[in-house]
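Report on the following structure.
Number of protein chains: 2
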Amino acid sequence: MAGIREVAKACGVSVATVSRALNGRPEVNEETRRQVRLAAEILGYRPSVSARALVRGRSDAVGLLWDSAYETAGRRHPFLLSVLVGIKQALDAAGRHLILLNVEADRVGPRAYLETAAQFQLDGVLVMGVDSRRPALCAVLESELACVGFDVPISGPRATYVASDNRAGAMQAMRHLYGLGHRRIATITGPLSMMPAELRLAGYRDAAEELGLEHEYVYSGDFFLDSGYTCGARLAELPPEQRPTAVFVAGDEMALGAIHAFADAGLSVPQDIAVVGFDDIEAADLVRPALTTIQQDAHALGAAAVDTLLRLVDHDPATHTIGPVLTPTRLIVRQSCGGN
Amino acid sequence: MAGIREVAKACGVSVATVSRALNGRPEVNEETRRQVRLAAEILGYRPSVSARALVRGRSDAVGLLWDSAYETAGRRHPFLLSVLVGIKQALDAAGRHLILLNVEADRVGPRAYLETAAQFQLDGVLVMGVDSRRPALCAVLESELACVGFDVPISGPRATYVASDNRAGAMQAMRHLYGLGHRRIATITGPLSMMPAELRLAGYRDAAEELGLEHEYVYSGDFFLDSGYTCGARLAELPPEQRPTAVFVAGDEMALGAIHAFADAGLSVPQDIAVVGFDDIEAADLVRPALTTIQQDAHALGAAAVDTLLRLVDHDPATHTIGPVLTPTRLIVRQSCGGN
DNA sequence: GATCGTTCCGTAAACGTTTCCGGTGGTACT
DNA sequence: AGTACCACCGGAAACGTTTACGGAACGATC
Chain Y
1 MAGIREVAKA CGVSVATVSR ALNGRPEVNE ETRRQVRLAA EILGYRPSVS ARALVRGRSD
61 AVGLLWDSAY ETAGRRHPFL LSVLVGIKQA LDAAGRHLIL LNVEADRVGP RAYLETAAQF
121 QLDGVLVMGV DSRRPALCAV LESELACVGF DVPISGPRAT YVASDNRAGA MQAMRHLYGL
181 GHRRIATITG PLSMMPAELR LAGYRDAAEE LGLEHEYVYS GDFFLDSGYT CGARLAELPP
241 EQRPTAVFVA GDEMALGAIH AFADAGLSVP QDIAVVGFDD IEAADLVRPA LTTIQQDAHA
301 LGAAAVDTLL RLVDHDPATH TIGPVLTPTR LIVRQSCGGN
Chain Z
1 MAGIREVAKA CGVSVATVSR ALNGRPEVNE ETRRQVRLAA EILGYRPSVS ARALVRGRSD
61 AVGLLWDSAY ETAGRRHPFL LSVLVGIKQA LDAAGRHLIL LNVEADRVGP RAYLETAAQF
121 QLDGVLVMGV DSRRPALCAV LESELACVGF DVPISGPRAT YVASDNRAGA MQAMRHLYGL
181 GHRRIATITG PLSMMPAELR LAGYRDAAEE LGLEHEYVYS GDFFLDSGYT CGARLAELPP
241 EQRPTAVFVA GDEMALGAIH AFADAGLSVP QDIAVVGFDD IEAADLVRPA LTTIQQDAHA
301 LGAAAVDTLL RLVDHDPATH TIGPVLTPTR LIVRQSCGGN
């Protein structure tokens, strides 16, 4: 409630000095600074963010663009919220604020995000779960507004993205299965139009080559339970001597579907067939057998997104460019592969 | 980028008129208003939120207080994010913005939230997953700042809470089991210090009385998987003629634990024992048998929270008071109770 | 024809900061 | 002794809005 003027009066200095003292400017005597700090503390002074943003022309805030409809459909809630926690913590550490934006039908239009960002004088925006082909997002990418995508491959003068290292994660899974003795390993993919699905398949193939596996068994799903079941059922129909002894499923939800299919076909996991998933969703540890899977480090991902965004804010797009950053994944061994 | 002055110049009127026209004030000619609107549209004028907040002394924004540590531990991510979606949509409809706040160790102190709110000139705050006994939250409750809690029972001059109607939800579950012919029904509770756990137990008891059930079987858990397993195992040890034929578990995660225990004890669900959970977590529909449960309407909850907060903002605490609001729950019938 | 009320609009003062510009006093150098 | 520099600080002008106040034009009323 107390303004900068009260603090100035209390110390017998001008408001300019108070501002300088509190903002750590060098051109102020240390003794004076001490007194100002003290007075500010006592009076409980907190600078008005509006006033500050108004005069400085920037708000020290970043916006979070998300599409709630997409998220609901994509069922990626838990993971995204974990990422959000990581984002928020990194932002706190950097002294930035976070404003949630989702532009809906009413104020639609290709420049909607940009205008909102200008209105709030945002430093930049974080994008999660928004279709990268949406015109509103394209406009952001073409602009000078700093922007980092999350699991969505975007690029622009001041735009890039962060994601888990999906390819390496898939290879981790494959190596784990290989280490357990499996030589016929199948995969169930996500929709290949989505970057994570594509890269996980690429990782499967790279690993197959690296490990010298002879056959590929690729089943294509859509990340949802039912497609996992369908693919699992088809796989279970193969004659035992041809049937893969393990399957790397590109998403936990599909992995659970596949396990149901195996159970219905009289195959037991992990004895008859080993399963490793991807994502480490909550359910992975709630089902029996608990699912061995590849975990994404949500916290690191959030931190990386913030870090990248902040670097993007003040850099010159002309001189050097900032590329995508991939964060490592982790193998979580539970029961669905046996071997402990 | 275009300011109010450009618009004024373009129409040949003063900035005051532009402001009035755009804000729907009555004291402006409709013809003038039309022209101003047009010019603003063409120039792409968007008022600066900082400038507006500065002069009006309020920001049209609400803050979201959350404790990320708590959430991580509480594993309630998916539900909370769903609620968040509901909140955001309601806020959009009301033309308010949402700012995420989590005050951590560095800027700690009992008045931290209040100061932050003042700094941002927030209309009010929404609270989710913050321990209601935290001094920082207590200070908010005692203040004049509008505040609505989410699943945490708080009250103050301008504070109240919203929650699912946990008691009624528990009764729904019980009536469902009763309708399927069950007469010996047990319950596994959450930690009774938490409001939802307490009310679900109350609903169990109310229903038992209403339905004329003779015995109570109360097992106390802590909302986590393992406690569900433990309680389930104890329950399974009872001699068959005394053993309840159904159990209402106050949380889905515990319900899954109980089901594992039943399986390990050779009891099959739903034939030997029926199970109904609470929460409708994601895993509920991913396990087999899929879990019959009580669903909370996250969207309605979010909307109710916003609605309540906005009513709280401009009301006189002296004249009338605004109480807690409970939103209805819904029974989701899957497989764990049989009967379809 | 003076008075009054209405409708509409412009002038200017806020709001709480940051920062440019200039000024003062002191020290070091020529 | 004059000049130059430096460290420190104050005055005041921004930043882009909203709104209190006053005034002009006009019709209606006495």
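Heads up: the protein sequence lines correspond to chains Y and Z, in order. Numbering (full-length UniProt numbering) for the first sequence: 1 to 340. Numbering (full-length UniProt numbering) for the second sequence: 1 to 340. Cβ atoms here follow ideal geometry from the backbone N, Cα and C, with glycine treated the same way.
Answer yes or no: do residue i and residue j have a C-beta to C-beta separation smaller than 7 angstroms?
i                      : j                 : result
Thr293 of chain Z      : Asp252 of chain Z : yes
Ala258 of chain Y      : Gly228 of chain Y : yes
residue 372 of chain Y : Phe262 of chain Y : What is shown of chain Y runs 1 to 340, which leaves residue 372 of chain Y out entirely.
Asn166 of chain Y      : Pro191 of chain Y : no
Pro270 of chain Y      : Ser193 of chain Y : no
Val15 of chain Z       : Arg5 of chain Z   : yes
residue 354 of chain Y : Val125 of chain Y : One cannot answer for residue 354 of chain Y here, as it falls past the ends of chain Y, which runs 1 to 340.
Leu81 of chain Z       : Lys88 of chain Y  : no
Met171 of chain Z      : Gly203 of chain Z : yes
Val55 of chain Z       : Val36 of chain Z  : no
Ala284 of chain Y      : Pro244 of chain Y : no
Val148 of chain Y      : Thr32 of chain Y  : no
Gln295 of chain Y      : Asp280 of chain Y : yes
Ala10 of chain Y       : Ala39 of chain Y  : yes
Leu225 of chain Z      : Leu256 of chain Y : no
Ile322 of chain Z      : Thr160 of chain Z : yes
Gly339 of chain Z      : Leu180 of chain Z : yes
Let's test the definition: count the other Cβ atoms within 10 Å of the Cβ of residue i and tell me whether it reaches 16, buried, or not, exposed.
i                 : result
Ser50 of chain Y  : buried
Leu84 of chain Y  : buried
Asp131 of chain Z : exposed
Ser268 of chain Y : exposed
Val28 of chain Y  : buried
Pro135 of chain Z : exposed
His97 of chain Y  : buried
Asn102 of chain Y : buried
Ala53 of chain Y  : buried
Arg34 of chain Z  : exposed
Glu282 of chain Y : buried
State the CB to CB distance for the pair residue i and residue j, rounded to an integer number of angstroms; the pair is presumed to be in contact (CB under 8 angstroms).
i                 : j                 : result
Ile188 of chain Y : Val247 of chain Y : 6 angstroms
His299 of chain Y : Gly86 of chain Y  : 4 angstroms
Val325 of chain Z : Phe278 of chain Z : The pair is not a contact, with the Cβ atoms about 20 angstroms apart (cut-off 8 angstroms).
Ser59 of chain Y  : Leu122 of chain Y : 6 angstroms
Pro317 of chain Y : Arg133 of chain Y : Contact doesn't hold; Cβ gap of about 22 angstroms is too wide.
Ala274 of chain Y : Leu145 of chain Y : Actually they do not touch by this definition, with Cβ atoms about 47 angstroms apart.
Arg184 of chain Y : His215 of chain Y : 6 angstroms
Tyr219 of chain Z : Leu201 of chain Z : Incorrect: roughly 11 angstroms between the Cβ atoms, too far for contact.
Does any CB atom of chain Z fall closer than 7 angstroms to the CB of residue i?
i                      : result
residue 422 of chain Y : Examination of residue 422 of chain Y is not possible in this model, given that chain Y is present from 1 through 340 alone.
Leu286 of chain Y      : yes
Arg88 of chain Y       : The sequence shown places Lys at residue 88 of chain Y, rather than the Arg named in the question. For Lys88 of chain Y, the answer is yes, since a Cβ of chain Z falls inside 7 angstroms of its Cβ.
Ala51 of chain Y       : yes
Leu267 of chain Y      : no
Glu115 of chain Y      : yes
Phe224 of chain Y      : no
Gly12 of chain Y       : no
Leu81 of chain Y       : yes
Leu22 of chain Y       : no
Ser132 of chain Y      : no
residue 353 of chain Y : Lying before the first or after the last residue shown, residue 353 of chain Y is absent from chain Y, which here runs from 1 to 340.
Leu54 of chain Y       : yes
For chain Y, find out if any of its Cβ atoms is closer than 7 angstroms to the Cβ of residue i; answer yes or no.
i                 : result
Arg46 of chain Z  : yes
Ala283 of chain Z : yes
Leu98 of chain Z  : yes
Phe120 of chain Z : yes
His182 of chain Z : no
Leu192 of chain Z : no
His260 of chain Z : yes
Leu309 of chain Z : no
Are the segment 152-163 of chain Y and the segment 132-143 of chain Y touching by the rule of at least three beta carbon pairs closer than 8 angstroms?
Contact holds: three or more Cβ-Cβ distances are below 8 angstroms.
If contact is defined by three or more beta carbon pairs under 8 angstroms, each pair taking one atom from either stretch, is the segment 207-216 of chain Z in contact with the segment 322-340 of chain Z?
No, the segment 322-340 of chain Z is not in contact with the segment 207-216 of chain Z.
I want to know whether the segment 301-318 of chain Z touches the segment 166-181 of chain Z - three or more CB-CB distances under 8 angstroms.
Judged by Cβ distances under 8 angstroms, the segment 301-318 of chain Z makes no contact with the segment 166-181 of chain Z, as fewer than three pairs qualify.
Within the chosen definition, does the segment 34-45 of chain Y reach the segment 54-67 of chain Y through at least 3 CB pairs nearer than 8 angstroms?
no
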